[in-house]
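Numbering (this note's numbering), first residue to last: 895 to 1460.
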């Protein structure tokens, strides 16, 4: 697992990975078959995993000190004594086994979702949590001596507080900070859950029930995150719930242990202190959940993520915002005077605003020649429609049906626009490929602004996909891409795509202001000399950094390492 993002992915194309994996798996299957045949020919049918107490005791009597060490003799004697306990596990202990594995599994999946929604769904970001989860199993079940209670309980308390703080900060924290805190929190929690699970392991006669409940808990944790949470919650509440559940079970296991610190003389103060710590953690997690519900007008959660529409008072007036996860995807003023004003990442000073305002066709002598055909990948709230003029056609591509519903019902950019608005629902790449059968769209401008929360859709910025874009653009058309991102730097990728396409690239950065504009960065790829030489556009261009080689992603190869903002 660890080798994949560092060794396999950067060096092998997707087809080569598939070929190598298929042959490797085939060899594995053949090797397993040969082992089975050998065992069958020997007549070995396996041995029972249960060892009775009498057998262990007899073995100790027959064994000399030259054969077994003193520690090994004591271990066998202890095992024999423990196996004499035939009393079945109580419901409380069985519930504890189930709860520990359920919360550990749920936290694994919730952590993976929490990290991936802010960057991209790439191997490193889902392999790292899985490796830490499996590593905690390996460490705890290998030997009890690896699990130091004081160490991992202290680490869990510290990291639970850190993870709660990161939930409040959100994407404003660096990607390195987010990954580090979430990963350490997961490791501490799973070490505590699996360590306490091993400490409570029953005699050999009850191990079947023990492992059955442990496996069932892993499955329940997966069902909670993958099925129950999306169906029942209107936010990403599974991470706070799983984190709080792990901490609660940790305290319960200490309280149940007769030899634990809670039962020692003079340590009764641990109960109120632990209760206050849990209450504080639960309160902070609850506040984090409820604060994001303030002013909410509409909310939805589906396969594509969490969407919220909410109103917020600003210094410039009351605005309505669409947020995907923790990232703002569009904003509109609610007062009649300013509601048609394009703001956020699409202001008149942004790259897309300058291109739409100063496109050469807007200066044509005849009104018919001034019409633009515009394509936009990613609807948001439809802010680009504010630039539409009579006779223009603006074609939006949007994969999430809830985004379309919100844009039409909760915002007015689409209905206010004098341009002809068309919306194609579905994955933009698949829809554009299907439209080629009826002929290219002949766009003057095609803007790529598709994000899931702050994660980039990698299949929309590969060489093959950009070649598809150019088929739908006019020869002098312009391809625009929103490269503003907190976690990755897409500028080297745009440089690479411009080079292989034979286009010029401009980059325009705009700053936040009090009138609703947000920090924005747009890359413009075109060969339209009039557009490239427009004084208004040239004055706003920033010098392209060329301190590294341009990058090119393909459908067969793409690595996030070189564009991460650590």
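Every residue gets a Cβ at the ideal spot worked out from N, C-alpha and C, and that includes glycine.
{"query": "Span of the beta strand (DSSP E), counted from its first residue to its last, around residue 1316", "result": "1314-1319"}
{"query": "Beta-carbon spacing of residue 1224, residue 1275 below 7 Å", "result": "yes"}
{"query": "Endpoints, the beta strand (DSSP E) within which residue 1076 is located", "result": "Unbroken run through residue 1076 is the alpha helix (DSSP H), 1069-1093; no beta strand (DSSP E)."}
{"query": "When 1399, 1412, 986 are compared against residue 1104, the one with the closest alpha-carbon", "result": "986"}
{"query": "For residue 1002 and residue 1024, believed in contact at Cβ under 8 Å, the rounded distance", "result": "7 Å"}
{"query": "Rounded Cβ spacing between residue 1342 and residue 1376 (contact assumed at less than 8 Å)", "result": "7 Å"}
{"query": "First through last residue of the beta strand (DSSP E) which encompasses residue 1363", "result": "Element bounds for residue 1363: not the beta strand (DSSP E) but the alpha helix (DSSP H), 1357-1366."}
{"query": "Helix, strand or coil at residue 1390 [DSSP, three-state]", "result": "helix"}
{"query": "Residue 1256 vs residue 1243 beta-carbon contact at 7 Å", "result": "no"}
{"query": "Residues bridged to residue 1107 (per DSSP)", "result": "Per DSSP, none; premise fails for residue 1107."}
{"query": "C-alpha gap between residue 845 and residue 1293, whole angstroms", "result": "Nothing can be reported for residue 845, as the shown portion of the chain is limited to 895 through 1460."}
{"query": "Stretch-stretch touch, CB-based, cutoff 8 Å, three pairs: the stretch 1400-1418 with the stretch 1366-1381", "result": "yes"}
{"query": "Per DSSP, cross-strand counterpart(s) of residue 1196", "result": "1199"}
{"query": "For residue 999, the three-state DSSP class (helix, strand or coil)", "result": "helix"}
{"query": "Inside the stretch 1218-1267 only - beta strand (DSSP E) runs reaching at least 3 residues", "result": "1221-1227"}
{"query": "Range of the contiguous beta strand (DSSP E) that encloses residue 1404", "result": "1398-1404"}
{"query": "Distance between residue 1319 and residue 1446 (C-alpha atoms, nearest Å)", "result": "28 Å"}
{"query": "Where the alpha helix (DSSP H) through residue 1462 begins and ends", "result": "This structure gives no information on residue 1462, because the portion of the chain shown stretches from 895 to 1460."}
{"query": "Beta-carbon contacts of residue 1389 that lie in its chain and below 8 Å, excluding the five residues immediately before and after", "result": "1399, 1438, 1440, 1444, 1445"}
{"query": "Same chain only: Cβ atoms within 6 Å of residue 1277, ignoring 5 sequence neighbours per side", "result": "1224, 1236, 1240, 1307"}
{"query": "Nearest-angstrom Cβ-Cβ length linking residue 1041 and residue 1115, presumed shorter than 8 Å", "result": "Actually they are not in contact, since the Cβ atoms of residue 1041 and residue 1115 sit about 20 Å apart, beyond 8 Å."}
{"query": "Per-residue burial, residue 1249 [other beta carbons within 10 Å of its own, 16 or more giving buried]", "result": "buried"}
{"query": "Of the residues 1069, 1135, 1051, 904, the one placed nearest residue 1167, counting alpha carbons only", "result": "1051"}
{"query": "Residues near residue 1164 by beta carbon distance below 7 Å, same chain, minus five either side", "result": "1155, 1156"}
{"query": "Cβ contact check for the stretch 989-1004 and the stretch 1124-1138: 3 or more pairs under 8 Å", "result": "yes"}
{"query": "Cβ shell of residue 965 (< 7 Å), same chain only, five flanking positions each side left out", "result": "Because residue 965 carries a pLDDT of 49, less than 50, the predicted location of this residue cannot be relied on, and the following value inherits that uncertainty. Excluding positions up to five away in sequence, the list is empty."}
{"query": "Cβ neighbour criterion (16 or more within 10 Å) applied to residue 1379", "result": "buried"}
{"query": "Residue 1268, buried or exposed, once every other Cβ within 10 Å from all chains shown has been counted against 16", "result": "buried"}
{"query": "Range covered by the alpha helix (DSSP H) that runs through residue 1296", "result": "1295-1303"}
{"query": "Residue 1290, enclosing beta strand (DSSP E) - first and last residue", "result": "1287-1292"}
{"query": "Delimiting residues of the beta strand (DSSP E) encompassing residue 1161", "result": "Element bounds for residue 1161: n/a, residue is neither H nor E."}
{"query": "Cβ-based burial, residue 1296 [other Cβ within 10 Å; buried from 16]", "result": "buried"}
{"query": "Assigned secondary structure, residue 1048 (DSSP; H/G/I helix, E/B strand, else coil)", "result": "helix"}
{"query": "C-beta contact flag for residue 1200 and residue 1129 at 7 Å", "result": "yes"}
{"query": "Cutoff 6 Å; reference residue 1314; Cβ partners in own chain excluding five residues on either side", "result": "1287"}
{"query": "Cut-off 8 Å between Cβ atoms - residues of its own chain near residue 1229, not counting five sequence neighbours on either side", "result": "1211, 1212"}
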